[in-house]
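The opening position of the sequence shown corresponds to residue 1073 in this note's numbering, with each subsequent residue numbered one higher.
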Amino acid sequence: MLQDVERILVDKDELDEITTRLAEKIKIDYANSKKPLILITILKGSMPFAADLMKKIDLPLELEFMKVSSYGAGTKNSGEIKIHLDLMRENLEQYDLLVVEDIVDSGRTLSRLTQLLKNRNANSVRTCTLLDKPSRREVPFTPDYCGKVIEDEFVIGYGLDYNEKYRNLPYVGVLKRSVYM
Ligand code: PRP
1073 MLQDVERILV
1083 DKDELDEITT
1093 RLAEKIKIDY
1103 ANSKKPLILI
1113 TILKGSMPFA
1123 ADLMKKIDLP
1133 LELEFMKVSS
1143 YGAGTKNSGE
1153 IKIHLDLMRE
1163 NLEQYDLLVV
1173 EDIVDSGRTL
1183 SRLTQLLKNR
1193 NANSVRTCTL
1203 LDKPSRREVP
1213 FTPDYCGKVI
1223 EDEFVIGYGL
1233 DYNEKYRNLP
1243 YVGVLKRSVY
1253 M
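Right, dumping it as structure tokens:
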């Protein structure tokens, strides 16, 4: 895989700093909450980030998983979200939900997913992303917690894929153009 990486964008040390910083902020923000906190990992890409982050959040929390995909603007389903794996929870008014993502790009996935969870009457819904590409935004969306704002480059590793590969790299790298052009 190494020969396909143009350069390392976020190395192991910076990933460690990011997860420590975000976990401390999350701990402060939820410390006085009366409701149980559920961390929702969005499969597949956010698995490594969520795993590292949760170990540093020094609060009681519960885990759930979802797999979703958003339809693009050009399809007749524009504005909708497809749920491939749903929460195994009901009565969401009893919980604070923190949705964990690897990357925000167009913003469609998280804007629609947060709306869906609010429509299910969750006590609160916040979002935490490792990476944010604001230059790619197609719908207004700002994550509550963000690890690093990046330029519009093809990133892989630490959960992020190209054709399902590279997710197991221990850092975030930029993919060589020759691999996907
Ligand atoms: C990626 C990422 C977000 C979404 C962000 O998931 O994990 O869910 O795309 O893009 P958006 O802001 O344009 O909606 P992907 O569909 O690639 O699935 P994966 O996590 O399984 O790789």
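Here a beta-carbon is modelled for each residue, glycine too, at the ideal position from N, C-alpha and C. All figures in this text were calculated on a predicted structure; none of them were measured in a lab.
Partner residues in the beta bridge of valine 1244, as assigned by DSSP, are Val1082. Phenylalanine 1226 carries a coil assignment under DSSP once its states are collapsed to helix, strand and coil. The beta carbon of alanine 1194 sits closer than 8 Å to those of Leu1164, Glu1165, Tyr1167, Asp1168, Leu1169, all from its chain and outside the five residues before and after it, given in chain order. Annotated three-state conformation of arginine 1198 is strand, per DSSP. For alanine 1122, the number of other beta carbons within 10 angstroms of its own is at least 16, and it is reported as buried. Straight-line measurement puts the Cα of aspartate 1083 at about 35 Å from the Cα of arginine 1161. For the segment 1148-1179, the full-length beta strand (DSSP E) segments reaching 3 residues or more read 1153-1157, 1168-1176 along the chain. Residues Ser1142, Glu1210, Val1211 of the same chain have their beta carbon placed closer than 7 Å to that of arginine 1180, with the five preceding and five following residues left out of the count. Valine 1251 has no beta-bridge partner at all, per DSSP. For threonine 1199, the shortest C-beta to heavy atom distance toward ligand 1 is 7 Å or greater. In this model, glutamate 1096 and alanine 1103 are separated by some 10 Å (Cα to Cα).
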